[in-house]
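Just so we're aligned: the sequence shown equals residues 77 to 457 in this note's numbering.
The beta carbon of each residue, even a glycine, is placed where N, CA and C say it ideally should be.
Note that this is a predicted model, so its numbers are computed, not measured.
The structure under discussion appears below in the form of structure tokens.
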Amino acid sequence: MNAGAKKELVLIGGGHAHALVLEAFARRPEPGVRLTVISEGRFAAYSGRVPAWLAGKCTLADTQIDLAALCRRAGARLIEQRATAFSAETREVTLAGGERLGFDAASINVGATLYKPETAAQAPNVLALRPLAKLPSRWQALCARVDALPAGSRQSVVSVGGGAAGCETLLAVLAALRARRSDVRFDGALISGGQTLLPDAGRLPRALLARALKKADVTLRTGVRVSELGEEAVMLEQGAPVPADIVLWATGAIGHGWLKESDLALNERGFIEVGKSLEARGAPGVFAAGDGAAFTPALPKAGVYAVRMGPPLAANLRRACRGEAPKDWRPPRRVLSLIGTGDGRAVASYGPLGAAGRWAWRLKERIDGRFIARFNPDPKR
Ligand SMILES: Cc1cc2nc3c(=O)[nH]c(=O)nc-3n(C[C@H](O)[C@H](O)[C@H](O)COP(=O)(O)OP(=O)(O)OC[C@H]3O[C@@H](n4cnc5c(N)ncnc54)[C@H](O)[C@@H]3O)c2cc1C
């Protein structure tokens, strides 16, 4: 790089941490830095609102961050393409169209993908919770199938995965389908490989969520692993198949495949190993954040952590561009998590503490609504 030339800072992925980085750069531009964002699309999904959207309680726009508008505010160039390769050594990122982009500093915030059995990829009855960008069209197709069911029929809706997303989405989907077709019976079931639901939460929030699942007539199967998805059933590693007309696939978060070909250090699940400053191990000037980063000690894969990483990441990216050493970030010991239960209520979980009620749902709506409004000041789009 020429002395005096602008430093090239490249953000790969429009994840939550990068939304906060862009907001920080919009507020205080960094002199001498050219900012580029590589994102699959001009909108980035905000998962916290996805269950509310599935339940028909908000619009699709309410679940999306307008990245293009955010980039304009931050003076950043937006490249609407997927990144397909990355080299920390040659300091290049390759785009789906084949173009290569050099950088001085880079950050990767591309979230996670889900491990799915081969048979799940295209099956019309499977609603995979990743990638979120594909969810709207899959959900619409599923609703069209449900609309065509004869009155008096019966459908099994099975969610695979006992984390917050799997439980919350199952409850939202059941509420939506039951409201849509009151003349069809929808039986809910939740299968989890772990022995407990919400592995990162305390006993009380877990019990409150189990109670909400019971109230919604959901049959719980914990400690059981799914081996395959059939046309009308979910096969288990042990035991009889579970009938399943509709499957929500919400388990097995792993890193994106293309990162395996990069020279970055990955953990056993394919996530980028980062130090306390969020700098990738052995790759100075390259950072990773959100679900795709493997922090030590391991953090829950939750959007709230990706959001918290945003401001320290922005500060460290500025430091990297100035040639200064990055500073360590200390994650919060516990965070508030609000899990909608599809009945106008939510379970609030904060470390060992838990509570449930309509107030928790209203609080979730308020927090999520403010979050989206912060990035999408123009509600008319
Ligand atoms: C249904 C559901 C509900 C959830 N509810 C909550 C909740 O209420 N609270 C909570 O804390 N967590 C929740 N989670 C978890 C939360 O979604 C994730 O932890 C969070 O989205 C991770 O944020 P991120 O910034 O790492 O990545 P993401 O939000 O996944 O964003 C990554 C972005 O990168 C883009 N991208 C991916 N690959 C590429 C590529 N190769 N090139 C360019 N761009 C790319 C994607 O399109 C996406 O826009 C939920 C998850 C689901 C599935």
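Residue range of the unbroken alpha helix (DSSP H) whose run includes residue i
i: Gln216; result: 211-223
i: Val233; result: Note, Val233: premise wrong, no alpha helix (DSSP H); beta strand (DSSP E) at 230-236.
i: Gly386; result: 379-398
i: Lys352; result: No alpha helix (DSSP H) holds Lys352; DSSP gives it neither H nor E.
i: Lys440; result: 434-451
Residue i versus residue j: straight-line alpha-carbon distance, rounded
i: Ala497; j: Ala329; result: The structure shown does not extend to residue 497, since the chain spans only 77 to 457, so no value can be given for it.
i: Glu308; j: Lys133; result: 29 Å
i: Leu146; j: Lys290; result: 42 Å
i: Leu211; j: Arg103; result: 33 Å
i: Ala144; j: Val302; result: 39 Å
i: Leu280; j: Arg406; result: 26 Å
i: Glu344; j: Lys377; result: 15 Å
i: Ser338; j: Gly90; result: 20 Å
i: Ala432; j: Glu244; result: 13 Å
i: Ile184; j: Thr166; result: 16 Å
i: Gly278; j: Gly430; result: 8 Å
i: Arg357; j: Phe363; result: 9 Å
i: Ala436; j: Ala422; result: 5 Å
i: Arg118; j: Gly187; result: 16 Å
i: Cys47; j: Ala199; result: Residue 47 falls outside the range modelled here, since the chain spans only 77 to 457, and no answer is possible.
i: Ala465; j: Arg261; result: Outside the shown range of the chain, which is 77 to 457, sits residue 465, and nothing can be said about it.
i: Met77; j: Leu389; result: Note on Met77: pLDDT 48, under 50, position unreliable in the model; the coordinate value appears next. Looking at the two C-alpha atoms, the distance is approximately 23 Å.
i: Asn392; j: Ala401; result: 8 Å
i: Arg158; j: Leu171; result: 6 Å
i: Val350; j: Met385; result: 12 Å
i: Phe371; j: Ala424; result: 25 Å
i: Leu296; j: Leu266; result: 5 Å
i: Ala128; j: Lys440; result: 10 Å
i: Leu335; j: Ile114; result: 15 Å
i: Arg221; j: Arg442; result: 33 Å
i: Arg148; j: Ala449; result: 16 Å
i: Leu324; j: Val234; result: 6 Å
i: Ala288; j: Thr417; result: 6 Å
i: Arg256; j: Val169; result: 45 Å
i: Ser268; j: Cys397; result: 44 Å
i: Gly264; j: Phe347; result: 32 Å
i: Pro387; j: Ala209; result: 25 Å
i: Ala137; j: Arg110; result: 29 Å
When the options are compared against residue i, the one with the closest alpha-carbon
i: Ala294; options: Gly416, Pro212, Thr189, Ser232; result: Here residue 294 is Val; the residue named in the question, Ala, does not match the sequence. The shortest Cα separation from Val294 among Gly416, Pro212, Thr189, Ser232 belongs to Ser232.
i: Thr272; options: Phe262, Ala449, Ala286, Asp259; result: Ala286
i: Gly361; options: Trp325, Ser268, Ser163; result: Ser163
i: Asp276; options: Asp138, Trp129, Leu375, Arg149; result: Leu375
i: Arg446; options: Thr139, Lys403, Lys352; result: Thr139
i: Leu177; options: Thr160, Leu190, Lys192; result: Thr160
i: Leu98; options: Val323, Arg221, Val411, Arg394; result: Arg394
i: Gly237; options: Arg254, Leu190, Trp215; result: Leu190
i: Leu274; options: Met311, Ser229, Glu304, Ala326; result: Ala326
i: Ile322; options: Arg230, Gly124, Gly366; result: Arg230
i: Pro373; options: Asn201, Cys397, Val169, Arg409; result: Arg409
i: Ala369; options: Leu354, Val380, Ala396, Val383; result: Leu354
i: Val380; options: Arg125, Ser268, Asp142; result: Arg125
i: Asn201; options: Ala252, Trp215, Gly427; result: Trp215
i: His332; options: Gly306, Asp367, His92; result: Asp367
i: Asp404; options: Ser213, Gly315, Ala182, Lys352; result: Lys352
Residue interval of the beta strand (DSSP E) (run including residue i)
i: Asp142; result: 140-142
i: Thr245; result: Taken as a continuous stretch (DSSP letters only), Thr245 belongs to no beta strand (DSSP E), being part of the alpha helix (DSSP H) at 240-256.
i: Phe363; result: 362-364
i: Phe119; result: 119-121
i: Phe179; result: Here Phe179 belongs to no beta strand (DSSP E), and DSSP marks it neither H nor E.
i: Phe347; result: Unbroken run through Phe347: none, as it is neither H nor E.
i: Gly416; result: 412-416
i: Tyr191; result: Note, Tyr191: premise wrong, no beta strand (DSSP E); not H, not E.
i: Ala204; result: 202-204
i: Lys87; result: Sequence check: residue 87 is Leu here, not Lys. Per DSSP, Leu87 belongs to the beta strand (DSSP E) from 83-88.
i: Val423; result: 422-426
Complete beta strand (DSSP E) runs within the segment 268-342 (minimum length 3 residues, chain order) = 294-298, 302-305, 309-312, 322-325
In chain order, which continuous runs of the beta strand (DSSP E) of length 3 or greater are located wholly inside the segment 96-169?
-> 109-115, 119-121, 140-142, 153-156, 159-163
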